[in-house]
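This report concerns only the one structure given below.
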Amino acid sequence: MRTLQATCGFLFAAWLLSACQGVPGPERTSTPAPEQPTLGVLNTPTRQASPGSTPSPSPVPSPSPTATAQLAPLPICKGGSGAGLDELTLTFAAEWDGDLEIYSIQADGSGLTQLTSNAFDQLDPAWSPDGRQLAYVERIRGLEERLIVADADGQDPRVVVPEALGPIVYPTWSPAGDKIAFRNLQDLYIVDVETGEALNLTERTRPFPVELSFSADGSMLAFNAQSDVGPTVNNKLFVINADGTGLREFTLPGAYGVRRPEWHPTENLILFEGSGPIEGAEMYLARLDGTIEKLPRQAAQEAMFPAWSPDGSMIAYEAHTFERLQVVVIDESLDVIVVDLSDEADEVAVISSHSWAPDNRHVAYEVNDLDPNTVGVDLYVLDVCDGTSVPVAEAVEAYSSVSWRPPS
Numbered sequence: 355m356r357t358l359q360a361t362c363g364f365l366f367a368a369w370l371l372s373a374c375q376g377v378p379g380p381e382r383t384s385t386p387a388p389e390q391p392t393l394g395v396l397n398t399p400t401r402q403a404s405p406g407s408t409p410s411p412s413p414v415p416s417p418s419p420t421a422t423a424q425l426a427p428l429p430i431c432k433g434g435s436g437a438g439l440d441e442l443t444l445t446f447a448a449e450w451d452g453d454l455e456i457y458s459i460q461a462d463g464s465g466l467t468q469l470t471s472n473a474f475d476q477l478d479p480a481w482s483p484d485g486r487q488l489a490y491v492e493r494i495r496g497l498e499e500r501l502i503v504a505d506a507d508g509q510d511p512r513v514v515v516p517e518a519l520g521p522i523v524y525p526t527w528s529p530a531g532d533k534i535a536f537r538n539l540q541d542l543y544i545v546d547v548e549t550g551e552a553l554n555l556t557e558r559t560r561p562f563p564v565e566l567s568f569s570a571d572g573s574m575l576a577f578n579a580q581s582d583v584g585p586t587v588n589n590k591l592f593v594i595n596a597d598g599t600g601l602r603e604f605t606l607p608g609a610y611g612v613r614r615p616e617w618h619p620t621e622n623l624i625l626f627e628g629s630g631p632i633e634g635a636e637m638y639l640a641r642l643d644g645t646i647e648k649l650p651r652q653a654a655q656e657a658m659f660p661a662w663s664p665d666g667s668m669i670a671y672e673a674h675t676f677e678r679l680q681v682v683v684i685d686e687s688l689d690v691i692v693v694d695l696s697d698e699a700d701e702v703a704v705i706s707s708h709s710w711a712p713d714n715r716h717v718a719y720e721v722n723d724l725d726p727n728t729v730g731v732d733l734y735v736l737d738v739c740d741g742t743s744v745p746v747a748e749a750v751e752a753y754s755s756v757s758w759r760p761p762s
């Protein structure tokens with residue numbers, strides 16, 4: 355398995371891409387209907403597959419993260435059991451048939467469905483806010499990538515952004531579902547899903563964007579970026595209007611770099627990870643008036659990759675050298691360990707990513723066992739109230755996002 359790295363790293367290209375470039379309307383592709391996989395519940399492709407081979411079904415991985423012994427009473431847990439796992443759908447990329455394809459599966463491991471099938475790699479699936487369309491990146495070769503939008507079942511795929519603007523990184527739907535923002539090697543773009551017209555938001559400003567997030571009303575985007583070139587330059591936090599005006603840089607304390615900016619689901623608050631040479635990773639909140647607040651965390655551990663719950667009441671983050679997943683409730687000063695891999699004495703593993711389910715109670719996360727011979731990572735779904743983790747699939751692509759389908 356390839357060593358997992360945070361996706362905030364990027365390359366610099368020597369060429370410039372044109373600004374405010376009109377892109378022809380979405381082009382329909384002729385992708386055939388995929389053959390449905392025969393893998394059943396919890397029968398997922400084997401690990402340690404040879405390159406180019408098709409993995410065969412095997413048991414779900416070990417170690418299985420165990421529930422923590424005592425969980426603090428998170429507010430979400432007082433409202434009932436939440437959605438059933440068979441009512442929640444995850445979408446991810448996996449190299450099970452020789453190249454990367456997009457799959458969907460229920461959170462209990464049932465209903466595995468292959469959504470794409472062709473000779474190219476497909477990765478980074480992202481559901482529209484209404485759950486009726488699926489965007490994903492299609493890699494033609496090397497850095498030549500295009501953005502595809504398809505129906506929920508993978509049918510009627512159409513090119514929204516051609517490979518001329520690629521590579522496509524971090525495709526992110528606007529809250530209204532009519533636009534998708536993304537970045538390439540140099541700039542931040544926003545594209546109209548229906549017309550394919552793309553607008554370069556950051557041309558000539560040189561803040562080389564990395565990760566991005568829409569405001570709740572879709573009028574602004576927050577992103578981290580390097581404002582200059584060089585090995586010692588840290589990422590900084592920026593906000594820009596969705597029409598490309600009003601670019602602002604936030605002033606951070608010390609030499610902190612910024613990762614994973616994420617706008618609050620309903621308020622003008624931007625959550626991000628700030629990393630310094632001494633303090634390590636901390637969680638911060640930025641407001642549009644320029645003020646920045648450091649959030650409390652448990653002592654003697656870093657707080658990495660913070661993410662809002664869908665209702666904005668909780669934050670999940672990775673801690674203890676990526677061996678723990680914790681949930682913070684700011685208003686009630688709760689900080690709860692919900693997954694702890696450090697208890698697995700016989701295995702070495704880390705949590706490589708996590709994302710909240712639409713029901714505010716479940717979290718998908720990936721486990722990387724750090725074995726160079728292992729293919730991909732293992733996908734689990736956690737109930738933050740009782741601490742149980744359900745294994746969903748293994749050999750999932752580590753360098754691609756996992757996306758929950760919103761209720762439609």
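Residue 355 is where the sequence shown starts when you use this note's numbering, and the numbers rise one by one after that.
The beta-carbon is built from N, C-alpha and C at its ideal position, and this holds for glycine as well.
Which whole runs of the alpha helix (DSSP H) in the stretch 474-508 are 4 residues long or more, in chain order?
-> Here no run is fully enclosed.
Counterpart residues of Q680 in DSSP-defined beta bridges = Y671 and I691
Which one of V731, A570, S663 and S762 has the shortest CA to CA distance from E748?
-> For E748, the closest C-alpha among the options V731, A570, S663 and S762 is that of V731.
Which stretch, first to last residue, makes up the beta strand (DSSP E) that contains Q655?
-> Premise fails: Q655 is in no beta strand (DSSP E) and is neither H nor E.
Given that a residue counts as buried once 16 or more other Cβ atoms are within 10 Å of its Cβ, and exposed if not, what is S755?
-> buried
Assuming P712 and P664 make a contact with CB atoms under 8 Å, what is their CB distance in whole Å?
-> 6 Å
List the residues that DSSP assigns as beta-bridge partners of A447.
-> I456
Rounded to a whole number of angstroms, what is the C-alpha to C-alpha distance between F676 and P745?
-> 18 Å
Other residues of its chain near A703: CB distance less than 8 Å, five sequence neighbours each side excluded = For A703, the CB contacts under 8 Å within the same chain, skipping 5 residues up- and downstream, are P417, E677, L695, V721, N722, D723 and L724 in chain order.
For P525, the first and last residue of its enclosing beta strand (DSSP E) = Residues V523 to W527.
Confirm, please, whether the CB-CB distance from G485 to A530 is below 9 Å.
-> No, these two residues do not count as a Cβ contact at 9 Å.
Alpha carbon to alpha carbon, what distance is there between A661 and L575?
-> 16 Å
Taking only runs of the beta strand (DSSP E) that begin and end inside the stretch 590-640, which ones reach a length of at least 3 residues, in chain order?
-> Listed in chain order, the complete beta strand (DSSP E) runs (minimum 3 residues) inside the stretch 590-640 are 590-595, 611-617 and 623-630.
Helix, strand or coil: which one does DSSP assign to S384?
-> Reliability fails at S384, whose pLDDT of 44 lies under 50, so the model's placement of it is uncertain and the value that follows must be treated cautiously. Three-state DSSP puts S384 in coil, outside helix and strand.
Do P483 and Y490 have their CB atoms nearer than 9 Å?
-> By the CB criterion at 9 Å, P483 and Y490 fall outside the cutoff.
Leaving out five residues on either side along the sequence, give the residues of the same chain with a beta carbon under 6 Å from the beta carbon of L439.
-> A461 and D462
Going by the CB atoms, is the gap between V693 and I684 shorter than 9 Å?
-> Not a contact, by the Cβ cut-off of 9 Å.
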